[in-house]
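Read through the structure below, which is laid out as structure tokens, and then see the notes.
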Amino acid sequence: MLVLFETAAGYAIFKVLDESKLQQVDSLYKEFETPEKANKILKLKHFEKFQDTTEALAAATALVEGKLGKSLKKVLKKVVAKEAHEQLAISDAKLGGVIKEKLDLSCVHSPAVAELMRCIRSQMEALISGLPPREISAMSLGLAHSLSRYKLKFSPDKVDTMIVQAISLLDDLDKELNNYNMRCREWYGWHFPELGKVVTDNLAYCKTVRKVGDRTNVATTDLSEILPEEIEAEVKLAAEISMGTEVSEQDIGNIRHLCDQVIEISEYRAQLYDYLKNRMMAIAPNLTVMVGELVGARLISHAGSLLNLAKHPASTVQILGAEKALFRALKTRKDTPKYGLIYHASLVGQTTAKNKGKISRMLAAKTALAIRYDALGEDTNAEMGAENRAKLEARLRQLEDRGIRRISGTGKAMAKADKYQHKSEVKIYDPSGDSTIPSTSKKRKFEEVEGEKSEQDPVPVTKFKKPKKEPVAEEQEAETAAESPKKKKKKKEKKAEEEPEEPKEEDEEIPISEEPKKEPSPKKKKKKKEKKAEEEPEEPKEEDEEIPISEEPTEKKKKKKKKKVKEEEDE
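The number in our numbering is simply the position in the sequence shown, starting from 1, with 33 added.
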């Protein structure tokens, strides 16, 4: 019988010298108490050593998954196939089935074989000759670490710490480049201020300054490698009529050194950006396809790691980076922000302002799925991200072209999906409600209508035409009844003269519901009293308003009485 034993250093194949000992499973460990006893039962036939840790990891992972590795297949073909009649004792029954299927070797796996493997492990250093113990322990430690990383899907290629550091450095380089460019333009602007307006690109500006130096050298310097022909001609023309001051050679030397620094930093930034792009495509390909390298790296950096970002829901991914605005909105009870770092994604940037909120919400939902797929999935392709991006682009075109169809009906007409706008009705102040006395215009219209009715019906019976007897008017009637018939005749004559003038005075003050009051004749008093008894009593407010109307005739009567008294005295 042959025994296949796997170690961190390589594959070992032993030949069993005394198979009868294997039948005593419970007492088998006593036969391996010393190396001498172990060598009496087993003999090393072949040992295949691994070249490095990578080969050891590949072999170990194949054994863990129950597969037949390339190195193991070579060993079995080389050693065991020569003795095909021998049985092969293995520790994994699944691996034995694969070996029997591919190499047609009879494999054995039993409790006795498992106990034999434990015994071999206890005396491994003595049984495997030519392998120092220190080397075995070092290879075992390295393989254990590599295998643990493989089981946890924590390979060195998946380390996102490099992305966090790279994006932070990229942002710092951008800030420093802006400061250096501003300082270079301001410094050289004292000597050649017109160059800053002609050459707008910062890198081209610094290269031009480094190559030209003093502005007097512009005419003899070839700038075709740096600038286009039109801009080069403008620079040479501006150098001839420049208003800048003269500077020394030492100043020009310092400015050139600053330009060298700007160019070097710009080149390093481009190199760092390429590195970041490659790392993002290796670690989070679906996230990169959805939002781009820079935005994806900033999201990972903000969350701390790709795994922490995968734990966030889509709503958090949407506003990640806008925490300050979010808490301020919650504190002041205003609208919360619609987007954070995801605002800089290309899909959100190319939409109109009206649809930015919708697209950012949909993009955050698909991005959250892509992040979880990258962090926890086994595949490293970007197919899922490409599919989701295509869906979002189609949805964006639908929103931009107003391609939303009606759910019911023929579906030919476009549905109205305009943004809600609150349209409040502006009410104009109506001053007519300030007073119960209506305006003159309404009263005149009412009188015209009543005049037409009176022409049609000579005796109209309406509640509005019935005059009211007020307390002041009743007292006056009592006084007039007590007077002599001569005075009554004189009063009637004077009233007849005054009647055409009274309506003109009362047009401005009498309400719509009342007509200008005339002093009732003694014949009509009884009829008016009967009609008044039938009418309901009106509100006190109306009576209060009507009192001043009846005061005018009483004052006139008092004046008339005084005149009559004076006339009698004179007589």
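All C-beta atoms in this analysis are idealised placements derived from N, C-alpha and C, irrespective of residue type, glycine included.
Beta-carbon proximity check, residue i vs residue j, cutoff 8 Å
i: W223; j: V280; result: yes
i: L30; j: L180; result: Outside the modelled stretch of the chain, which goes from 34 to 604, sits residue 30, for which no answer is possible.
i: L96; j: L128; result: yes
i: T384; j: V350; result: no
i: I132; j: L164; result: no
i: V322; j: R422; result: yes
i: E209; j: I285; result: no
i: T241; j: L228; result: yes
i: L75; j: L35; result: no
i: A330; j: M313; result: yes
i: A42; j: M172; result: yes
i: L340; j: L332; result: no
i: F83; j: A45; result: no
i: L396; j: A378; result: yes
i: K389; j: V381; result: yes
i: N212; j: N235; result: no
i: L33; j: K391; result: Past the boundaries of the shown model lies residue 33; the chain is included only from 34 to 604, so the question cannot be answered.
i: T334; j: S201; result: Thr is not the amino acid found at residue 334; the sequence shown has Ser there. In this structure, S201 lies closer than 8 Å to S334 by Cβ.
i: F415; j: A347; result: It is Ala, not Phe, that sits at residue 415 in the sequence shown. Against a cut-off of 8 Å, the Cβ pair of A347 and A415 comes out as no contact.
i: V245; j: T233; result: no
i: L121; j: V108; result: no
Residue closest to residue i, alpha-carbon to alpha-carbon, out of the options
i: V231; options: G418, R361, A92, P261; result: P261
i: E119; options: A419, G102, C140; result: C140
i: K135; options: K106, S162, E326, D59; result: K106
i: T86; options: E168, K73, K110; result: E168
i: K111; options: K78, A71, P68, A358; result: K78
i: G354; options: L363, P346, Y376, A343; result: Y376
i: V216; options: C292, Q198, E258; result: The sequence as given places Arg at residue 216; Val does not occur at that position. Measuring from the Cα of R216, the nearest candidate turns out to be C292.
i: I296; options: L206, L228, I161, Q283; result: L206
i: Y308; options: Q283, E273, I196, Q156; result: I196
i: A403; options: M395, M417, I392, E411; result: M417
i: S393; options: R182, Y221, E426, T413; result: E426
i: A126; options: L37, I200, A330, A386; result: L37
i: A199; options: V108, E356, K310, R361; result: K310
i: A145; options: G99, T67, S124; result: S124
i: E239; options: D368, R289, S201; result: Here residue 239 is Cys; the residue named in the question, Glu, does not match the sequence. Per the Cα distances, R289.
i: R154; options: F65, Y213, D193, T194; result: F65
i: I161; options: A398, P68, D368, L327; result: P68
i: W220; options: N287, K595, K115; result: N287
i: E265; options: V251, H345, G130, G277; result: V251
i: F294; options: E258, R243, T278; result: Phe is not the amino acid found at residue 294; the sequence shown has Gln there. Residue R243 is the option with its Cα nearest to Q294.
i: G277; options: P226, G325, E258; result: P226
i: A159; options: E98, K73, G99; result: K73
For residue i: DSSP bridge partner residues
i: G43; result: K82
i: A122; result: V36, V141
Three-state secondary structure (DSSP) of residue i
i: L50; result: coil
i: K76; result: strand
i: T365; result: helix
i: W223; result: coil
i: I352; result: coil
i: H345; result: coil
i: S173; result: helix
i: S281; result: coil
i: A386; result: coil
i: L260; result: coil
i: N414; result: coil
i: P464; result: helix
i: E209; result: helix
i: E98; result: coil
i: Q156; result: coil
i: S181; result: helix
i: Y372; result: coil
i: E548; result: For E548, the pLDDT reaches just 42, beneath the cut-off of 50, and the residue's location in the model is therefore unreliable, leaving the point undetermined.
i: G329; result: helix
i: S104; result: helix
i: P553; result: Any reading at P553 must be qualified, since the residue scores a pLDDT of 49, below 50, and its modelled position is unreliable; the value itself is stated next. The answer is coil: DSSP assigns P553 none of H, G, I, E or B.
i: M314; result: helix
i: Q56; result: helix
i: P68; result: helix
i: E267; result: helix
i: T254; result: coil
i: I161; result: coil
**Asked** Using 8 Å as the Cβ pair cut-off and three pairs as the minimum, do the stretch 387-407 and the stretch 315-332 touch?
**Response** Yes, the stretch 387-407 is in contact with the stretch 315-332.
**Request:** Assess, as a yes-or-no matter, whether the stretch 297-315 is touched by the stretch 358-376 under the definition of 3 or more beta carbon pairs within less than 8 Å.
**Result:** They do not touch, by the three-pair rule.
**Given 8 Å, three or more beta-carbon pairs between the stretch 59-67 and the stretch 137-153** = The stretch 59-67 vs the stretch 137-153: in contact.
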